[in-house]
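Participant:
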Amino acid sequence: MPKIPPNAALKGTAMPKAKYTFDLPEHKVDYGIEVLIKDLNIDPQAQRTLNERRAQNIASNMVSEALGSVILSKRPDGDLYIVDGQHRWRACALAGIETIRAEIHHGLTQAQEAILFLIKNRESHKPRPIDEYHVGLTGGVPLFVDTDRILSKHGLTLGSTSTNGVGAVSGVLQIVDRYGASVFDRTLTVAEDAWDRSTETWDGMLLGGIGMFLGRWGDLVDDKELAKKILSMGTAAKWRSEILSQSSRGGFNNSGTGSRVSTAYRIVVTAWNKGRRADNRIEA
């Protein structure tokens, strides 16, 4: 373990932030093209899950002039695949509308279609985190690929919390995006070393707190020692209860996920500092 100089590195800079971007090659795009509803296809690997009720609601309140354009990809065989707008496409089918205006992209691979979907949905109508994750894997986007690689290394899946699954999709992606895959890897290792494999071990608040701590101070921390100190302050269930309790004391504005992760981080700092000299502690 690296030695911490007295009063020196304790306020040092955080570990470098990971850089994940969504990139597409230059390609031809046709705008304002009228296409037949029956000619459009869906690739489930490059799309979010179709919500039939949402499509029915759109159909019931249809204002054709306000439908806008769907985003399509024209593949080499000439088939048109929906990149964004499948609920409007389905609503038109339900309402008996035969055509819709489209923005058609040419020459994209399936992976690039998935990336285009993520880019188009970044600002509005954001897909569910788990849909974004699966589409990102199809697109080969490093953020999602790196996340999946680390989860697989630990024998974990993403989407629902269980002994072998993590339900906090957004929280997991945030750790990887902010601090990198190596910090996420260490986070899972520390959590398991401290609390073994259980549903509570993979709680999003706990992983978020440990991840934030390692992301900021990882170059000064021995992971085995950190796991022992975390365990010395209680089980994962006890940690979760304490985090919820401390977060709720600050009132409504402090009860969100971000506040809970920050609370978890502060408790991790407390655990790490326990028994250390005053000049060898980390400041929260």
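Using our numbering, you'd call the opening residue of the sequence shown number 12 and step up by one each time. Beta carbons are placed, not taken as given, at the ideal position from N, Cα and C, and that holds for glycine.
(1) So for F263, helix, strand or coil by DSSP?
(2) From this set, T210, K131, G147, Q67, which residue's C-alpha is nearest L167's C-alpha?
(3) Where do the N-terminal and C-terminal ends of the beta strand (DSSP E) with G220 fall, by residue?
(4) Pair every Cβ in the stretch 138 to 151 with every Cβ in the stretch 177 to 196, then say whether three or more of these pairs are closer than 8 Å.
(5) Can you grab the Cα-Cα spacing for the pair V187 / V194, in whole Å?
(6) Please classify E294 as buried or exposed, where buried requires at least 16 other C-beta atoms within 10 Å of its C-beta.
(7) Between the C-alpha atoms of R292 and Y42, what's the straight-line distance to the nearest angstrom?
(8) Could you work out which residue in A248, S270, A275 is closest to G222 when comparing CA atoms only?
(9) Could you check the C-alpha separation between D233 and E37 for me, to the nearest Å?
(10) Start and end of the beta strand (DSSP E) containing H117?
(11) Looking at the structure shown, is Y31 part of a helix, part of a strand, or coil, going by DSSP?
(12) Between I111 and R227, what straight-line distance do the alpha-carbon atoms span, to the nearest angstrom?
(13) Whether or not the stretch 88 to 108 and the stretch 63 to 73 are in contact is what I'm after, with contact meaning three or more pairs of Cβ atoms, one per stretch, closer than 8 Å; do they touch?
Facilitator: So, from the listed chains and residues:
(1) Because F263 carries a pLDDT of 41, less than 50, the predicted location of this residue cannot be relied on, and no value is offered for it.
(2) Of the listed residues, the one whose Cα sits closest to L167 is T210.
(3) Here G220 belongs to no beta strand (DSSP E); instead the alpha helix (DSSP H) covers 215 to 228.
(4) The stretch 138 to 151 makes contact with the stretch 177 to 196; the number of CB pairs closer than 8 Å reaches 3 or more.
(5) Between the C-alpha atoms of V187 and V194 there is a straight-line separation of about 7 Å.
(6) Taking a 10 Å sphere around the C-beta of E294, we find fewer than 16 other C-beta atoms and assign the residue as exposed.
(7) Going by the C-alpha atoms only, they are around 59 Å apart.
(8) Nearest of A248, S270, A275 to G222, Cα basis: A275.
(9) Distance between the alpha carbons of D233 and E37: 46 Å.
(10) Annotation: the continuous beta strand (DSSP E) that includes H117 extends over 110 to 117.
(11) Coil at Y31, not helix or strand.
(12) One C-alpha to the other measures close to 50 Å.
(13) Touching, yes.
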